[in-house]
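Report on one structure; see the data block that follows.
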DNA sequence: CGCATGCGCTCAATCGTTTGACTTCATTCT
DNA sequence: AGAATGAAGTCAAACGATTGAGCGCATGCG
């Protein structure tokens, strides 16, 4: 096994100094056109591999960016990631991804590791119950960080989130307009800003329309999976049969709820209306298509990425808080309130 | 903004040499118990952050491992990842993840970047049409690499895959046992080992049972999403109405197909049987539960990770090829062939 | 002709950590 | 007593790329 090809190897082969090679490869003007071409060709031929560890040790910077997502099991995060990566690829940053699976420990060790690796910034959709220790690490090392999808109470950090309360408000308004009076809620049992805001939006909207919020009509489930939605809907059908419409924290919950309704012989969109939240790419393909609150994922991802680049360039700027308005997408799961 | 805290900072504060601090932090026996405790406490107090770039530059090794997945849109890859990460976390390796979104260029630049970063190994579920250039990069730098879920024709690499042909064979056997004679196929239009093997398994099984394979009954779609499955099933219903059972390349396709059938008024599991492949975690929650070929994701992920660690430890060992047998999981979407 | 200018390149220090060689001092063995 | 051993550190040379300073050499100008 031969030794690693370094600048030195190339320099010796080309009969020039190490610095000349370094500069040639980076198109530094101090090196002549002819030499540059020659050196580059030689480097390629020898199979030279740039050593970023050495480079960034010397320079004190790196051009990779870390993303830590609370849980990839919800496909909505994939959509955020796509938008973020699209934006960051343009600036030739490498994106390193971590799926924290809603475990604080995973998130923690990833962040620490990224600091050790010299990552230049972090995009964070924090896990439920993110420990203060983690935040301290970020602050102490002033690690450029932008929160997205979920924010913290601490106002000192940048964040880009959806206007969750507004979104649920839009959903409830539409259900009321369709004549529904007994509207249930599924989701929002997590201790996250998103869960809190969406439920508050629900409660506020009910109040605005003078509707009651009874205990049997609220299912504060702690997760967002399909199966959880199914079970929650089952409880609602049994304990609150008067319900004709359901607003859900997420599309996954809504799809689960719809499946329970169908099983119970209630036609979704006619006997009972269901609205999700997030507007997953695949929600349009369900039968009937899921009505949902469309979170501006493209914009949130893009803006979070840009904000991070700004923050890296200018660490002392005051924190930026961005709240992006969602919109309502109506498909087949919502319809007029059935007459008794 | 203060300068970065380094070993030197800590050493000066503790009144010892830089090497002493380095050794103390790594529990080197040459440092006494008392000094070690003292130095560690001081390092923590000062907020010392280990600089891995410097360390691995010096050592010529790093302890992070890269995973590149062809496309996270299929949730089955999340399940593989979970298994892999579980295994690697034990050995205190950092896992760096890339979603190649089935684009060769993304995969390519990730791999190159990982070489530059000094990643110690790669787990790769290669994108469709992985270019030879990429493989050359891997070989030339003898970058320890294990392929999983999809393999290459090149026998020189390690791989861990499911026995795809066997899996589809099991599915067809079951459908035949249930009395079906007109069995259609959806999927497998991609240029991947998985697509080829699953379709071959289908064709071979039909032949074994003396059944015909007509063109109208084969939908070689190039993707695996829900919507593609829906469209494919639609074409089958129109052009091959005699079909009573469908074997699919993936669960996503199968779920799409099932949705089309329901829409067309065909009761899935009674009028028509559908079998998926992969056995996604969520497939059990659909209504009716999806029958599927269960790929041993836990085992494949675990073994791929272990294989990689072996490969890293021993780069010259002969390549290992592992094929893991899947099993058949029957739920509600399969039933006896309806009598005419 | 002599001196400044600038081009094109080399030199050497540097980033932070690791590690084999070396030092110092105390203790043990012969 | 003198040599040998060992414990607990220190020293300095790496790892590979970058970069400010420096150095010939040719050209231009007065």
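Protein chains in written order, with the working numbering: chain A, 1 to 340; chain B, 1001 to 1340. Cβ atoms here follow ideal geometry from the backbone N, Cα and C, with glycine treated the same way.
- Do we get a CB-CB distance below 7 Å when we pair residue 118 of chain A with the residues of chain B? yes
- Query: Touching or not, the region 301-314 of chain A and the region 224-244 of chain A, by the rule of three or more beta carbon pairs under 8 Å?
  - Reply: no
- Figure out for me which residue from B:1048, B:1186, B:1218, B:1191 has the closest Cα to the Cα of residue 1104 of chain B. B:1191
- Tell me which same chain residues have a C-beta within less than 8 Å of the C-beta of residue 10 of chain A, skipping the five on either side of it? 21, 39, 42, 43, 46, 48
- Task: Take the Cβ of residue 68 of chain A as the centre, count every other Cβ of all protein chains shown within 10 Å, and call the residue buried at 16 or more, exposed below.
- Result: buried
- Task: Please report how far the alpha carbon of residue 1001 of chain B lies from the alpha carbon of residue 139 of chain A, in whole angstroms.
- Result: Here the model assigns residue 1001 of chain B a pLDDT of 49, short of 50, so the residue's position is not dependable, and the following value carries that caveat. Cα-Cα distance, rounded: 12 Å.
- Query: To which residues of the same chain is residue 173 of chain A closer than 7 Å at the C-beta, ignoring the five residues directly before and after it?
  - Reply: 205
- Cβ atoms of residue 1150 of chain B and residue 1125 of chain B: under 7 Å apart, would you say? yes
- For the 8 Å Cβ check, are there 3 or more pairs between the region 1273-1281 of chain B and the region 1130-1149 of chain B? no
- Message: Output needed in chain order: residues of the region 1223-1247 of chain B with a Cβ under 7 Å from some Cβ in chain A.
- Response: 1226, 1227, 1230
- So who's on the other strand from residue 1209 of chain B, going by DSSP bridges? Note: residue 1209 of chain B sits in no beta bridge, so no partner.
- Task: Specify, as a first and last residue, the run of the alpha helix (DSSP H) that residue 56 of chain A falls within.
- Result: 52-59
- Item | is_contact[residue 1272 of chain B, chain A] using C-beta, thresh 7 Å | no
- Message: Is the beta carbon of residue 291 of chain A closer than 7 Å to that of residue 330 of chain A?
- Response: yes
- According to DSSP, residues forming a beta bridge with residue 1324 of chain B: B:1162
- Message: Which runs of the beta strand (DSSP E) at least 3 residues long sit entirely within the region 56-103 of chain A? Give them in chain order.
- Response: 64-69, 94-99
- beta strand (DSSP E) containing residue 1248 of chain B: first to last residue? 1245-1248
- C-alpha gap between residue 119 of chain A and residue 64 of chain A, whole angstroms: 5 Å
- Query: To which residues does DSSP link residue 121 of chain A through a beta bridge?
  - Reply: A:65
- Item | Beta-carbon contacts of residue 1224 of chain B that lie in its chain and below 7 Å, excluding the five residues immediately before and after | 1074, 1187, 1249, 1250, 1252, 1253
- Task: Identify whether residue 1196 of chain B lies in helix, strand or coil by the three-state DSSP scheme.
- Result: helix
- Query: What's the gap between the Cα of residue 1264 of chain B and the Cα of residue 233 of chain A?
  - Reply: 26 Å
- Item | Alpha-carbon spacing of residue 13 of chain A relative to residue 1025 of chain B, whole angstroms | 41 Å
- Message: Quick check on the DSSP output: what are the complete beta strand (DSSP E) runs of length 3 or more inside the region 136-180 of chain A, in order along the chain?
- Response: 145-148, 158-162
- Task: Can you tell me which of the three DSSP states residue 1251 of chain B falls into?
- Result: helix
- Specify the secondary structure class of residue 184 of chain A as computed by DSSP and reduced to three states. strand
- Within chain B, the residues that residue 299 of chain A reaches when beta carbons sit closer than 9 Å: Simply none; closest approach about 20 Å.
- Message: Taking its Cβ as the centre, do 16 or more other Cβ atoms sit within 10 Å of residue 1345 of chain B, making it buried, or is it exposed?
- Response: The shown model of chain B, from 1001 to 1340, leaves out residue 1345 of chain B, and the question about it has no answer.
- Message: On the criterion of 16 or more Cβ atoms from any shown chain inside 10 Å, does residue 177 of chain A qualify as buried, or is it exposed?
- Response: exposed
- Message: Taking the alpha helix (DSSP H) that residue 1277 of chain B belongs to, which residues open and close that run?
- Response: Here residue 1277 of chain B belongs to no alpha helix (DSSP H); instead the beta strand (DSSP E) covers 1273-1278.
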